[in-house]
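Reminder that position 259 of the sequence shown reads as 258 in numbering that gives the first Met the number 0, one-by-one numbering, no gaps.
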Amino acid sequence: MLKFHNTLSGQLQEFKPLDGNNVRLYICGPTVWSFAHIGNFRTFTFGDVLRRYLKFKGYNLTHVFNLTDVDDRIINEAKAADKTIDEFTAPFIEAFWEDFDALGLERPEITPRATHHIAEMISIIETLLKNGRAYKSNGSIYYRISAFPDYGKLSKINFAGNVSGASGRIDTDKYDKENAQDFALWKLVDADEPTGWDASFGRGRPGWHIECSAMAMKYLSETFDIHAGGVDLKFPHHENEIAQSEGATGKLFAKVWLHSEHLKVEGETMSKSLGNYYTFRDLIAKDYSAVAIRYLLMSVPYHKQLNFTFETLDGAEQTIGRLRDFRKRLQEANLPDGINTDLQGKVGAYLDDFEMAMDDNLNTSIALAALHNLVRETNTAMAHAVACTEDRSVILHAIDKFDQVLGIFGEAKTEMLDAEIENLIEERQAARRNRNFARSDEIRDTLAEQGIILEDTKDGVRWKRK
Ligand code: AMP
Ligand code: ZN
């Protein structure tokens, strides 16, 4: 029986979808102003394990994962680079999906962008203005949290008594607001500011929290099953999403809330602002494999903190090597004919252990231990020549079952696409025409590393894979 620790109830609860066998899931995605770091990817890997396990349990899934492509930082950085926000975010969105795919994260069914859902945000704000849960001040629109008595029900922060401005937090918008805890739904923009949208309540741009309310309710309906994200989003982001959505509809927003703990570095949360971070690309450049990074990120259950060190990443690399090598040996081994029912029974029991661990609020470390037990048992049986031909397919099938969720045995997608190769060849030709031989040599070396051989012919450059 699948159980989750629901932040909203504060309890471990049996999971039952609202609508038969269909599960509707929302996970907050990245802000695309830079490359995502592996702390971000810890949360997204948790999201992938959650997604895969729901499918493993036989549910039909609709999974929404948004991209935040407008906020103050994006607007400022785009301006500094003399670009529109779309031009500024495009390369980061592309890089994000590249990293996402390389980590073996399955693409969610729906991946909406905030800037494509402004009309839906405006409509929620209009409802909140009508029902008195929002107000206008100096051209911006704020949420009136004193009009939503449930405020604090997710984060368990008691706002009673401090709603009227005693937040203690330094807040530059404070003087525009009735109460310091009220938050912006819509921010006034200057007439000459290029990033802005017209609304019945004035031109402006959305606050961050309203994005997720709008995109979640558009694709998953007003009430849906699971909402997840990193633990730092619990307050204020998720608390505010609840206030906006439930304040507008009068209905429960999400039934189950899941929060993944942070990736730490020497006791501190990995973050851009602390500067103690590695992007996925930094680690690939250090010759670590994507699958080892994936393994490391899911090796500790999502609700526990994980400390990043290069020693544990080296360990993950070795473990992945051992696991893959094991499967290959099993596929190729010259086994005696027959069947070992005792071994098959144990393999079945390890699969049960795996499922029991995952059912228990996605305990990935016990689930991985079940896989390692299967490997050890089979290795011992092979060493004693008591693993037989008929056992092979049963064990390989069990590994495939584990891997539906773990995603560590498949081949990493490292091969360059034809289009990428052709673009590079074109760029190399241009570099040669411009006598930029350093660049043309660099491209030749990059292609050689990928096993691409170039041939100069009278019809131009031809290429083939080694
Ligand atoms: P952002 O791109 O800043 O909106 O963050 C994207 C996601 O990464 C959010 O769900 C954050 O909670 C999560 N996140 C940020 N830092 C970490 C970290 N060090 N460990 C795990 N998750 C993180
Ligand atoms: Zn969100």
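Yeah, the Cβ is synthetic: ideal placement off N, Cα and C, and Gly gets one too.
For ligand 2, which residues count as neighbours when the test is a C-beta closer than 5 Å to any heavy atom?
Cys27, Cys211
Is the beta carbon of His261 within less than 7 Å of some heavy atom of ligand 1?
yes
Residue span of the beta strand (DSSP E) that contains Arg23, given as start and end
21-26
Exposed or buried, what is Gln180 when buried is set at 16 or more other beta-carbons lying within 10 Å of its beta-carbon?
buried
Contact with chain D by Ala386, beta-carbon distance below 8 Å
Annotation note: the requested chain D is absent from the structure, which comprises a single protein chain.
Suppose you measure from the CA of Gln343 to the CA of Tyr349; what does that come to, to the nearest Å?
10 Å
Contacting residues, own chain, Cβ-Cβ under 6 Å from Arg41 (five flanking each side not counted):
Leu262, Leu296
For the putative contact between Thr88 and Asp70, defined by C-beta atoms under 8 Å, what is the C-beta separation to the nearest angstrom?
Thr88 to Asp70, Cβ: 10 Å. No contact.
Should Gly206 be counted as a contact of ligand 1 given a C-beta to heavy atom distance under 7 Å?
no
Around the C-beta of Ser364, are 16 or more other C-beta atoms found within 10 angstroms, so that it is buried, or is it exposed?
exposed
For the beta strand (DSSP E) containing Tyr142, name the first residue and the last one.
139-142
Hey, how far is the Cα of Ser163 from the Cα of Asp100?
Bear in mind that a pLDDT of 45 at Ser163, under 50, signals an unreliable position, so the model cannot answer this.
In whole angstroms, give me the CA-to-CA distance for Phe401 and Ile144.
46 Å
Length of the line joining the Cα atoms of Phe14 and Asn130:
33 Å
How is Val404 classed by DSSP in three states: helix, strand or coil?
helix
Alpha helix (DSSP H) runs wholly inside the segment 65-97, at least 4 long, in chain order
71-79
Which residues mark the beginning and the end of the beta strand (DSSP E) in which Trp32 is found?
Element bounds for Trp32: n/a, residue is neither H nor E.
Can you tell me whether Asn362 is buried or exposed, with buried defined as 16 or more other CB within 10 angstroms of its CB?
buried
Same chain only: Cβ atoms within 7 Å of Leu334, ignoring 5 sequence neighbours per side:
Ala386, Cys387, Thr388, Arg391
Taking the continuous alpha helix (DSSP H) assigned at Val48, which residues delimit it?
37-55
What does a CB cutoff of less than 6 Å around Phe436 pick up in its chain, not counting 5 residues either side in sequence?
none
Does the beta-carbon of Arg72 have 16 or more other beta-carbons within 10 angstroms, so that it is buried, or is it exposed?
exposed
The segment 240-250 contacting the segment 56-66, beta-carbon criterion three pairs below 8 Å:
no
Applying the criterion that 16 or more other CB atoms from any shown protein chain within 10 Å of the CB defines a buried residue, is Leu96 buried or exposed?
Note that residue 96 corresponds to Trp in the displayed sequence, not to Leu. Result: exposed.
Could you check whether Cys27 and Leu251 sit closer than 8 Å to each other, using their CB atoms as the reference points?
no
Inter-residue CB distance, Val404 and Asp224 (contact presumed, cutoff 8 Å)
Actually they are not in contact, since the Cβ atoms of Val404 and Asp224 sit about 19 Å apart, beyond 8 Å.
How far does the beta strand (DSSP E) with Tyr134 in it reach, from first residue to last?
133-136
Name the two residues that bound the continuous alpha helix (DSSP H) containing Gly450.
Segment: none, Gly450 is in no alpha helix (DSSP H) and carries neither H nor E.
What do you reckon, is the C-beta of Thr42 under 7 Å from a heavy atom of ligand 1?
yes
Once you ignore the five residues that flank Gly38 on each side, which residues in its own chain have a CB closer than 6 Å to its CB?
Leu262, Met269
Does the beta-carbon distance from Glu108 to Thr61 come in below 8 Å?
yes
Note down the Cα distance separating Asp47 from Ala366, rounded to an integer number of angstroms.
15 Å
Which residues in the same chain as Ile169 place their Cβ atom closer than 8 Å to its Cβ, once the five residues preceding and following it in sequence are excluded?
Here the model assigns Ile169 a pLDDT of 44, short of 50, so the residue's position is not dependable, and the following value carries that caveat. If we look at Ile169 and ignore the five residues flanking it on each side, it has no Cβ neighbours.
Given a threshold of 16 other Cβ atoms within 10 Å of its Cβ, counted over all protein chains shown, does Met381 qualify as buried or as exposed?
buried
Which of the three DSSP states is assigned to Thr456 in this structure?
strand
With 16 other Cβ atoms within 10 Å as the buried cut-off, status of Leu7
buried
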